[in-house]
Amino acid sequence: MKKHTHIYWLFLLPSLLGVMMFYIIPFIFSIYYALIDNLGDSHFVGLGNFAAALKNPLFGQAAGNTLLFIGLCVPLGMALALFLSLCLQKMRRGRVPATLALLVPLVVPSGSIVYFWKVLFDQNGLLRKLLLQTGLSDEFVFQSSWTMAVLVVVFLWKNVSYNIVLFWSGLVWIPRTYYEQMALEGAGAWRQFLSVTWVYLSPTTFVVLLMSVVNSFKVFKEIYMLYGPYPSTDIYMLQHYMNNQFQSLSLPQMCSAAYILFLAVSLVLLLVFRLQKRVTDAYQ
Amino acid sequence: MKTKHFGADIIIWLAAAVALFPVIFIAANSLMGQDEIISRYSPEILASNTGDFSSHNIRFVRFGLLPERVTLEQYRRLLLESPGYLRMFWNSVIIVVPVLLGQCLLAPLAAYGLENIRWKYKEAIYFTYIIVMLMPTQLLLVPNFLVAGWLNIRSSYLAIILPALFHPLGVFLVRQQLKSFPKECVEAAALDGAGVFRTYRSVVRPNLNSTVAALAVLLFADNWNIVDQAVVFIDKTYQNPLSVYLGNVVSEEPGMFFAVSVFYLIPALLVFLFGQEHLTEGIALSGVKA
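Chains as they are written, first to last, in the numbering used here: chain W, 1 to 284; chain B, 1001 to 1290.
As structure tokens, this is what we get:
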């Protein structure tokens, strides 16, 4: 049978051609645009565009906001998902319908519930109303960090369930006998969590970390729905910066920004992969 | 010990309630009349809501799930008087259907091909797929945008559909599943004289049905909620998928928003209910050593 394996290229070919044509080749080609000054003269300017982007205060602001958002919602989302997946594991009955309900936000289009968030968080919203009615301070609604906090909540609502399922699928692989062994040795729940759950869940944890970072870039949808195409500078993200380059059709700026983003994301991915390898090697 | 389990149950059901609440809220509010919506949520003090709590000269929302008067007015206006919204709903369908059909046909083929070819760099191909899959949408839009320019399809739906159709997520999910596929089945089919294509069609592909169903749910959720791509490629309002325009409905026609939202949500929920048993499997699969 071995000699016929060439035929399998035919299976792969349509997909491979598509990926090459719509992603890889144009991305490689875009380095040409990243290195010229404009489409008219096409003067080679080396890393000039990259330097200009990095010096652009808007780019700095966008990068800062994006990092802040990732720094907030990735750890929060992971902790919440781990906690809920442990609860899910402890659940005796009704686990299937409960999981189903938890997964609903994943398929709800971001725009469908935008009014709900507005009713909750706007200047005349329910939250501020309750604060004023109970005589508490409503000052923080006017602070610049408020919109960022709203985004984190909206994002967690939509994305935590994905991580719950990932953690859950890791938890079911841990043999019960490990816990029984620990219980026999007199270890409490917290010790059991640290020495069994946490250790054997670490490969899953890295996958969750990876997917959380990837998913955190999808927050553009929510920002666009809640605050339109021109949000305040407090939540101006790299996605908006990229979008502005599309609108102004400035290919050199757009492509150089894309390469900066590509390098940054690759670096993060590399770091996560490395860390994962080191931890899994240590435990095996 | 018993109370502890009980605690976990309560926490999960609370979380489930939080997950469902916004959906229940819009469904309940879609049964209110236009006047009631405006009187409840407008920041201005109107004749109809003078009794409500106000402070600093703004009136606060009167949050509620029970309509004062149940009416299908919002739905009537949507279905009979708003061809624009129906058109945008149709635009969403036009984008989602080809992506779904194309992915469900090509992804299992490609994953099976990749699993079986013998070439020392084939894992490099797979690695490239994974890297593309992990990149943010706005970054992938740059190559998509360039190709769309070369092919002269920048203001057509093809600019959105074609890249989505070849997005590596499908190949990735199916290949994760194939890694645990019993080789004996394929060998048995080969011994029975089935050719490569015949084996794929009658042995391999039927066993991938649940993975393909999971893929379909994930892809539907993603592409029914398309925003980023449409913002870049679509310049005429009426050509937008409804997912993008819902943001405008809030400010332009708040009295109708809830019906439009529910209307747009229904297909997503149907696909979800139809494929829910496979969805968890699909997500879990994406986590098996990504």
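Every residue, glycine too, gets a C-beta built ideally from N, C-alpha and C.
Taking DSSP's pairing of strands, which residues face R1291/B in a bridge? It is not possible to answer for residue 1291/B, since the shown part of chain B is limited to 1001 through 1290.
DSSP three-state label for I36/W, please. For this step, residue 36/W is matched to residue 36 along the first sequence. I36/W falls in the strand class under three-state DSSP.
When DSSP builds the beta bridges, which residues end up paired with F44/W? Taking the first residue of the first sequence as position 1, residue 44/W is located at position 44. Looking at the DSSP assignment, F44/W forms a beta bridge with I36/W.
Measure the C-alpha to C-alpha separation of P1254/B and G1064/B and round it to an integer number of angstroms. Locating residue 1254/B in the second sequence gives position 254, counting from the first residue. Locating residue 1064/B in the second sequence gives position 64, counting from the first residue. Rounded to whole angstroms, P1254/B to G1064/B spans 16 Å at the Cα level.
Secondary structure at R92/W, three-state DSSP: helix, strand or coil? By one-based count along the first sequence, residue 92/W stands at place 92. DSSP places R92/W in coil when its eight states are reduced to three.
Contact defined as beta carbons within less than 8 Å: I believe L1020/B pairs with V104/W. What is the distance between those atoms, to the nearest angstrom? Position 20 of the second sequence holds residue 1020/B. Position 104 of the first sequence holds residue 104/W. Rounded, the Cβ-Cβ distance is 6 Å, consistent with contact.
Residues from the region 1081–1102 of chain B in contact with chain W, defined by Cβ distance under 7 Å: none
Is the shortest distance between the beta-carbon of G1033/B and the beta-carbons of chain W less than 7 Å? On the second sequence, position 33 is the one that residue 1033/B refers to. Judged by the 7 Å Cβ criterion, G1033/B is not in contact with chain W.
Under the three-state DSSP convention, the category S1055/B falls into: Residue mapping note: residue 1055/B aligns to position 55 of the second sequence, counting from 1. DSSP places S1055/B in strand when its eight states are reduced to three.
Excluding five sequence neighbours on each side, which residues of the same chain lie with their C-beta closer than 7 Å to the C-beta of L1078/B? As a working mapping, residue 1078/B is identified with position 78 in the second sequence. Cβ within range, chain order: Y1085, M1256, A1259, V1260, F1263.
What is the rounded straight-line gap between the Cα of W168/W and the Cα of L269/W? Translated into positions along the first sequence, residue 168/W becomes position 168. Translated into positions along the first sequence, residue 269/W becomes position 269. Looking at the two C-alpha atoms, the distance is approximately 23 Å.
Taking the beta carbon of C255/W as the centre, do at least 16 other beta carbons fall within 10 Å, making it buried, or is it exposed? Here the question's residue 255/W lines up with position 255 in the first sequence. Buried, since its Cβ has 16 or more Cβ neighbours within 10 Å.
Whole angstroms are fine: how far does the CA of L194/W sit from the CA of T204/W? Sequence index remark: in the first sequence, residue 204/W carries index 204 (1-based). Sequence index remark: in the first sequence, residue 194/W carries index 194 (1-based). Taking the straight line from one Cα to the other gives about 15 Å.
At the 7 Å Cβ level, is I223/W part of the contact set with chain B, yes or no? Numbered from its first residue, the first sequence carries residue 223/W at position 223. Chain B, which has no Cβ nearer than 7 Å to the Cβ of I223/W, makes this no.
What is the DSSP secondary structure of R1062/B, reduced to helix, strand or coil? To locate residue 1062/B, count along the second sequence from 1; it is residue 62. Note: R1062/B maps to coil in three-state DSSP.
Does the Cβ-Cβ distance between I1012/B and A98/W come in under 7 Å? Mapped onto the second sequence, residue 1012/B falls at position 12. Mapped onto the first sequence, residue 98/W falls at position 98. Yes. Within cutoff.
Can you have a look at K1120/B and say buried or exposed, based on whether 16 or more other CB atoms are within 10 angstroms of its CB? Counted from its first residue, the second sequence places residue 1120/B at position 120. With fewer than 16 Cβ atoms within 10 Å of its Cβ, K1120/B is classed as exposed.
Look at the Cβ atom of Y1245/B, then the Cβ atom of M1088/B, and state whether they are nearer than 7 Å. Looking up residue 1245/B in the second sequence gives position 245. Looking up residue 1088/B in the second sequence gives position 88. Yes, the Cβ-Cβ distance between Y1245/B and M1088/B is below 7 Å.
Measuring only the C-alpha atoms, how far is E1187/B from L238/W? Reading the second sequence from its first residue, position 187 is the one you call residue 1187/B. Reading the first sequence from its first residue, position 238 is the one you call residue 238/W. C-alpha separation (whole angstroms): 50 Å.
Below 7 Å between beta carbons: does that hold for V196/W and Y179/W? Within the first sequence, the letter at position 196 stands for residue 196/W. Within the first sequence, the letter at position 179 stands for residue 179/W. The answer is yes: Cβ separation under 7 Å.
CB contact below 7 Å: V268/W versus chain B: Along the first sequence, one-based indexing puts residue 268/W at 268. Closer than 7 Å: no.
Tell me the start and end of each unbroken alpha helix (DSSP H) in the region 1170–1194 of chain B that is at least 4 residues and wholly inside, in chain order. 1183–1191
Alpha carbon to alpha carbon, what distance is there between A51/W and V219/W? Counting from one through the first sequence, the residue named residue 219/W turns up at place 219. Counting from one through the first sequence, the residue named residue 51/W turns up at place 51. V219/W and A51/W: Cα-Cα distance of roughly 27 Å.
Contact with chain W by S1210/B, beta-carbon distance below 7 Å: Along the second sequence, one-based indexing puts residue 1210/B at 210. Taking Cβ atoms only, chain W never reaches closer than 7 Å to S1210/B, which makes this a no.
So what's K158/W in DSSP terms, helix, strand or just coil? Residue 158/W sits at position 158 when you count from the first residue of the first sequence. It is helical.
Between the Cα of K129/W and the Cα atoms of F1025/B, N1057/B, V1097/B, L1158/B, which residue gives the shortest distance? Residue numbering aside, residue 129/W sits at position 129 when the first sequence is read from its first letter. K129/W has its Cα closest to that of N1057/B, out of F1025/B, N1057/B, V1097/B, L1158/B.
Given D122/W, which residues of its chain have a CB within under 6 Å of its CB, disregarding the five upstream and five downstream residues? Counting from one through the first sequence, the residue named residue 122/W turns up at place 122. For D122/W, where only same-chain residues beyond five positions count, there are no Cβ hits under 6 Å.
So, do the region 1205–1221 of chain B and the region 1135–1146 of chain B have three or more beta carbon pairs nearer to each other than 8 Å? Fewer than three beta-carbon pairs drawn from the region 1205–1221 of chain B and the region 1135–1146 of chain B are found closer than 8 Å, and the two stretches are therefore not classed as touching.
Using alpha carbons as the reference points, say which of A1190/B, D1009/B, S1180/B, G1287/B lies closest to R95/W. Against the first sequence, residue 95/W aligns to sequence position 95. With distances taken between Cα atoms, R95/W lies closest to D1009/B.
Under a Cβ-count criterion, where at least 16 other Cβ atoms within 10 Å of its own Cβ denotes burial, should G228/W be classed as buried or exposed? In the first sequence, residue 228/W corresponds to position 228, counting from 1. So G228/W ends up on the exposed side.
What does the alpha-carbon distance come out to for the pair V160/W and L80/W? Within the first sequence, residue 160/W is the residue found at index 160, counting from 1. Within the first sequence, residue 80/W is the residue found at index 80, counting from 1. Spanning the two alpha carbons is a distance of roughly 7 Å.
Distance check for V74/W and R278/W, CA to CA, integer angstroms please. Taking the first residue of the first sequence as position 1, residue 278/W is located at position 278. Taking the first residue of the first sequence as position 1, residue 74/W is located at position 74. Our two residues, R278/W and V74/W, have alpha carbons roughly 21 Å apart in a direct line.
Report the residues of the region 1216–1239 of chain B with a CB closer than 8 Å to any CB of chain W, ordered along the chain. V1217, F1220, A1221, W1224, N1225, V1227, D1228, V1231, V1232
Measure how close the beta-carbons of P1241/B and N1091/B come, nearest whole angstrom, since I'm counting them as under 8 Å. Position 241 of the second sequence, counting from 1, holds the residue named residue 1241/B. Position 91 of the second sequence, counting from 1, holds the residue named residue 1091/B. Contact flag correct, Cβ pair sits at about 5 Å.
DSSP on Q143/W, reduced to helix/strand/coil? Numbered from its first residue, the first sequence carries residue 143/W at position 143. Q143/W: coil per DSSP, three-state reduction.
Buried or exposed by the 16-neighbour rule on C-beta atoms within 10 Å, applied to N1225/B: Start at 1 with the first residue of the second sequence, and residue 1225/B comes out as number 225. Classification of N1225/B: buried, given that the 10 Å Cβ count is 16 or more.
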